[in-house]
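Peer 1: Let me give you the structure first, and then I'll get to my questions.
Number of protein chains: 2
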Amino acid sequence: MSAKKWLKELRAQGYRLTDARRAVVETVAQSPRALTPSEVYDLARERYPTLGLVTVYRTLEKLEELHLAQRVHQDDGCNAYLAHAEGHQHLLICEKCKKAVYFEGDDLDDFFTEVGKKHNFAVKDHWLQLFGTCEDCKYG
Amino acid sequence: MSAKKWLKELRAQGYRLTDARRAVVETVAQSPRALTPSEVYDLARERYPTLGLVTVYRTLEKLEELHLAQRVHQDDGCNAYLAHAEGHQHLLICEKCKKAVYFEGDDLDDFFTEVGKKHNFAVKDHWLQLFGTCEDCKYG
DNA sequence: CGTGATGTTGAAAATCATTTTCGATTATAG
DNA sequence: CTATAATCGAAAATGATTTTCAACATCACG
Ligand SMILES: [Mn+2]
Ligand SMILES: [Mn+2]
Ligand SMILES: [Zn+2]
Ligand SMILES: [Zn+2]
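Protein sequence lines correspond, in order, to chains D and G. Taking the numbering used here, the leading residue of the first sequence gets 38, the next gets one more, and so forth. Taking the numbering used here, the leading residue of the second sequence gets 38, the next gets one more, and so forth.
If you want it as structure tokens, here you go:
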């Protein structure tokens, strides 16, 4: 339930708080999985029926700029947005229900640097994502 | 220079060998970096000027199905295609010139399984990509 | 080597996601 | 409360990708 924090941050950046924004922010902030603009639109309209799709795009763009949400890349698309993690974390995603969980504690930088050396690359960043099946989707 | 192998494989799957396909296949097979459909179009037209963009899309689709090429995900887009690696490998990509190199030898499955256990996930797959600067782009 | 059945082609039209434009509306500083 | 500038949603514009279709080219078979 970080919606309040997100709204406070938007306000702190000089943005106005409107019902349309609140609907989008609350929808994304409390979703257990990454949502596409169109999914956000459908869900947020349950809270605020006159919301326009354009405002969804505009709000997601701002949330991304402020690092409150991030875009998630998956085999079936790369335009779904998820609440951003604190600090350096990676994603574990259920292939069935798409539930996303962050994890930390990977200590692989030495390995990555070593791989870089072999190919004469200076490694600066990495992406790591795990895919599997969550508890709820274990069967069926 | 795996273009010949790719063409042989296309033929083996019952597809006909045309000049348009050859131009696309050769372009992607010998590129040191992932190419978007539009980039493939521009490059392949140097070999076969009447090539249509539609054929580029159709050929890339087939190369992906046959696992000869794969789509590469990057911050600036996820529709660039690269020659697929043999077996299980991961990518190391130069952020400046986009040169892509495969590496193997990561032995992280135990760690991934452990992460999964903590969150009650059965981990089945993972994505790992490294980003940095290649030798040629070290300065400037 | 023909040759015909069938796969393939590129242009144009259709579709789909995203962005831009714009006049009306609304949040908020003062 | 009021004035002003930000924000809104509808509609139009854009850009990427897919579909349609009639002409064409490949290649199995004779
Ligand atoms: Mn990490
Ligand atoms: Mn691996
Ligand atoms: Zn699940
Ligand atoms: Zn480089």
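Note that CB positions come from ideal geometry on N, CA and C, so glycine has one too. What you are looking at is a predicted structure, and each value in this text was computed from that prediction instead of being measured.
Let me know the secondary structure DSSP gives residue 78 of chain G once reduced to three states.
Peer 2: The sequence position of residue 78 of chain G within the second sequence is 41, counting from 1. Here residue 78 of chain G sits in helix by DSSP.
Peer 1: For residue 168 of chain G and residue 174 of chain G, I'd like the C-alpha separation in whole angstroms.
Peer 2: Here residue 168 of chain G refers to the residue found at position 131 of the second sequence. Here residue 174 of chain G refers to the residue found at position 137 of the second sequence. If I take the Cα positions, the gap works out to 13 Å.
Peer 1: Quick one, which residues of the region 100-112 of chain D are near chain G if we go by CB-CB under 8 Å, in chain order?
Peer 2: Listed by position, the residues of the region 100-112 of chain D near chain G (Cβ gap below 8 Å) are 110.
Peer 1: Count the other CB atoms within 10 Å of the CB of residue 55 of chain D; is the residue buried (16 or more) or exposed (fewer)?
Peer 2: Within the first sequence, residue 55 of chain D is the residue found at index 18, counting from 1. Looking at its Cβ environment, which holds fewer than 16 other Cβ atoms inside 10 Å, residue 55 of chain D is exposed.
Peer 1: Please specify which runs of the beta strand (DSSP E), each continuous and at least 3 residues long, are wholly inside the region 121-165 of chain D, giving them in chain order.
Peer 2: Qualifying beta strand (DSSP E) stretches, in chain order: 127-131, 137-140.
Peer 1: Quick check: residue 118 of chain G and residue 103 of chain G, are their CB atoms within less than 7 Å of each other?
Peer 2: Numbered from 1 along the second sequence, position 81 holds the residue referred to as residue 118 of chain G. Numbered from 1 along the second sequence, position 66 holds the residue referred to as residue 103 of chain G. No; because the gap between Cβ atoms is not below 7 Å, this pair is not in contact.
Peer 1: What does the shell around ligand 1 hold, if a residue joins when its beta-carbon is under 7 Å from any heavy atom?
Peer 2: Any residue whose Cβ sits closer than 7 Å to a heavy atom of ligand 1 makes the list: D:125, D:127, D:143, D:145, D:163, D:165.
Peer 1: State the DSSP-derived secondary structure class of residue 53 of chain D, mapped to helix, strand or coil.
Peer 2: As a working mapping, residue 53 of chain D is identified with position 16 in the first sequence. Of the three classes helix, strand and coil, the one that applies to residue 53 of chain D here is coil, per DSSP.
Peer 1: Is residue 107 of chain G near residue 121 of chain G, with beta carbons less than 7 Å apart?
Peer 2: Locating residue 107 of chain G in the second sequence gives position 70, where the first residue counts as 1. Locating residue 121 of chain G in the second sequence gives position 84, where the first residue counts as 1. Going by C-beta atoms, residue 107 of chain G is nearer than 7 Å to residue 121 of chain G.
Peer 1: In three-state DSSP terms, what is residue 176 of chain D?
Peer 2: Within the first sequence, numbered from 1, the residue matching residue 176 of chain D stands at position 139. Residue state, collapsed to three classes: coil.
Peer 1: Which residue's Cα is closest to the Cα of residue 71 of chain D: D:154, D:142, D:128, D:141?
Peer 2: Residue mapping note: residue 71 of chain D aligns to position 34 of the first sequence, counting from 1. Considering only alpha carbons, the answer is D:128.
Peer 1: Please state whether DSSP places residue 64 of chain G in a helix, a strand or coil.
Peer 2: In the second sequence, residue 64 of chain G corresponds to position 27, counting from 1. DSSP places residue 64 of chain G in helix when its eight states are reduced to three.
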